[in-house]
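Structure first, commentary second.
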Amino acid sequence: MRKLLILGAGTAGTILANRLRKELAEAEWQITVVDRDDSHHYQPGYLFIPFGIYSPRQIVKPRWRFLPDGVDFTLAEVERIDADGKSVLLKGGRTLDYDYLIVTTGAVPRPDQTPGMADGELWHTKVFDFYTLEGSAALHQALERFTGGRLVVHITEMPIKCPVAPLEFSFLADDYLTRRGIRDKVSITYVTPLDGAFTKPVASATLGHLLTERGIEVETDFMIESIDNEAQAIVSYDEREIPFDLLVTVPLNMGQQFIIDSGLGDELGFIPVDKHTLRSVAHDDIFVLGDASNVPTSKAGSVAHFEADVFVDNFVALAKGEPMTHSFDGHANCFVESGRGKGLLLDFNYETQPLTGTFPLPRVGPMQLLKESRSNHLGKLAFEHIYWHMLLPGRPIPLPAAMSMTGKIPADPSMAAAGH
Amino acid sequence: MPTTTIAGRRIDVNEEGFLVNPDEWDEALAVELARQIGIEMTDAHWAPIRFMREDYQANDKVTPTLRRMSTAGGFNVKELFALFPKKPAKKMSYIAGVPKPVGCV
Chain A
1 MRKLLILGAG TAGTILANRL RKELAEAEWQ ITVVDRDDSH HYQPGYLFIP
51 FGIYSPRQIV KPRWRFLPDG VDFTLAEVER IDADGKSVLL KGGRTLDYDY
101 LIVTTGAVPR PDQTPGMADG ELWHTKVFDF YTLEGSAALH QALERFTGGR
151 LVVHITEMPI KCPVAPLEFS FLADDYLTRR GIRDKVSITY VTPLDGAFTK
201 PVASATLGHL LTERGIEVET DFMIESIDNE AQAIVSYDER EIPFDLLVTV
251 PLNMGQQFII DSGLGDELGF IPVDKHTLRS VAHDDIFVLG DASNVPTSKA
301 GSVAHFEADV FVDNFVALAK GEPMTHSFDG HANCFVESGR GKGLLLDFNY
351 ETQPLTGTFP LPRVGPMQLL KESRSNHLGK LAFEHIYWHM LLPGRPIPLP
401 AAMSMTGKIP ADPSMAAAGH
Chain B
421 MPTTTIAGRR IDVNEEGFLV NPDEWDEALA VELARQIGIE MTDAHWAPIR
471 FMREDYQAND KVTPTLRRMS TAGGFNVKEL FALFPKKPAK KMSYIAGVPK
521 PVGCV
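Protein chains in written order, with this note's numbering: chain A, 1 to 420; chain B, 421 to 525.
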């Protein structure tokens, strides 16, 4: 009996458990899934909680309900991976051996890594994150009490999960404050370590334009050193200070601490892998899917899904002793809520930046790439249902894993140059 | 692809002026590249530039981010901002003749 061990029952781990249990014979392969708790959070929902669009209860379901029969689900915290000994040590002393290990433990916000953030007296009174359920619920209370002043939306450092989320937060905040009739009493500043609104030039130009249109100021190349709790300001390494009355920050995102403790992570605790096969560079019997690896594409659920499509075929081949012939191209697509009931859609990969056009069907859509439309917004809301009922169970979704150029319009290069 | 003449040599650069081929780089060229963005190279400047080159070669041709410069190279981020004002990651990679760090996805 061969042993496959999956660490993490989030988006990537759950999809893999479902897909691989169907592909690998139960008589030959034992599949074990480990997670430290039994609460699966629909993370895209965090964005909507501060504005009261979703309630915290709505986006949490038990993990076991989405895992298939025929896998062992173990509730335990991981202490350490012993890659040379092919085993995982759990807290409490239990050890699990494996033939193959798949790490799907994601990325975690680390407010403790910026002086004055988690350890500051303003944490969760005037300084909030919305990358945790507690953070976004606390921010909801604070926004309801907010009557005016300086709202600062801030990114600590890239990469972060769902890199468009802070932009979406800004658009939704503009919308929310307008509906409450206090938009004119609030200044919104978007503070980023990048040199523009987004990481990819064409999208950066489009999204930057949307920020300007909504009267949101942008402060670029801002590398935070600390939060000055007394002065109520964020301070950069080059000594710029931006004062706030309400700070919404995206803390540094890192891989899990046990990955760092096991000596498997890079400087942020993400595991270096081959970007096309997702196989650990250091250990042939370890694969990493979802946010936990260092692949140079967005940390997003769509990426985990596209990675799984490629990986499952490869792993089935590997299990038979055949070569892995499928290659992941970095495909990501992100819905971007732009407020006022509209949204945009970005579709890109390692080689091609987000383009305009229609998706998923050439010229038909119904969704418009890189352009605001109501159907994009409805697509984002409908996605919650798809997530629980199609994506996690590993049912076929009519989106190809490899990105297609059909129906897309190559970007105007002058726009690209202006963006970066 | 644009070509430019730096220190009497024809060099291929991209639209932002970054070297296309890191192997065309040498320290004499770095002095000229630095001068073009208003930086006079001193010993304090050379240490991070040399580390960036070495790390890029050793680490599968990935340009180190500021965080990596700090954790793996032991450089103080605030000093890097003082040496290469405003955009240290971009300026250092420009001078070191390696691609801009792509930690930003």
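From the three backbone atoms N, C-alpha and C, an ideal C-beta is built for every residue, glycine too. These numbers were taken from a predicted model, which means no experiment stands behind them.
- With a contact defined as Cβ atoms closer than 8 Å, I227/A and G120/A qualify at about 5 Å.
- With a contact defined as Cβ atoms closer than 8 Å, S280/A and F287/A qualify at about 7 Å.
- Rounded to the nearest whole angstrom, the C-alpha separation of I188/A and N229/A is 19 Å.
- Put simply, of G215/A, K61/A, Y176/A and T206/A the residue whose alpha carbon is nearest the alpha carbon of Y190/A is G215/A.
- Judged by pairs of C-beta atoms under 8 Å, the region 103-122 of chain A touches the region 239-253 of chain A, as three or more such pairs exist.
- Listed by position along chain A, the residues whose Cβ is nearer than 8 Å to that of V497/B are M223, E225 and Y237.
- With a 10 Å radius around the Cβ and a threshold of 16 neighbouring Cβ atoms, R429/B comes out exposed.
- For T424/B, no CB of chain A lies under 8 Å from its own CB, so it is not counted at the interface with that chain.
- Along the region 255-269 of chain A, the positions whose C-beta sits under 9 Å from a C-beta of chain B are D266, E267 and L268, read in chain order.
- Residue nearest to F146/A within the set H154/A, R183/A, F315/A and P159/A is R183/A (criterion: CA-CA distance).
- Within the same chain, A138 come within 6 Å of H124/A by CB-CB distance, once the 5 residues on both sides are set aside.
- Within the region 195-282 of chain A, the runs of alpha helix (DSSP H) at least 4 residues long that lie entirely inside it are, in chain order, 201-213 and 257-261.
- From the beta-carbon of T483/B, no residue of chain A is found nearer than 7 Å; the closest lies around 11 Å away.
- Residues are counted here when their Cβ sits less than 8 Å from a Cβ of chain B; for the region 147-181 of chain A these are E157, M158, P159 and P163, given in chain order.
- Bridge pairing for H40/A: K61/A [DSSP].
- In this structure, the straight-line span from the alpha carbon of Q477/B to that of F471/B is close to 10 Å.
- Counting along the chain, the unbroken beta strand (DSSP E) around E79/A starts and ends at V78 to D82.
- Within a 10 Å sphere around the beta-carbon of E322/A sit fewer than 16 other beta-carbons, which makes this residue exposed.
- Under a criterion of Cβ atoms nearer than 8 Å, the residues of chain A adjacent to L486/B are, in order, M223.
- Every alpha helix (DSSP H) of 4 residues or more that sits fully in the region 134-202 of chain A is shown, in chain order, as 165-179.
- The count of Cβ pairs closer than 8 Å, one atom from the region 299-319 of chain A and one from the region 153-164 of chain A, reaches three, so the stretches are in contact.
- Look at R94/A here: in three-state DSSP terms it is coil, with no helix or strand label.
- Listed along the chain, the chain A residues whose CB falls inside 7 Å of the CB of F501/B are Y237 and D238.
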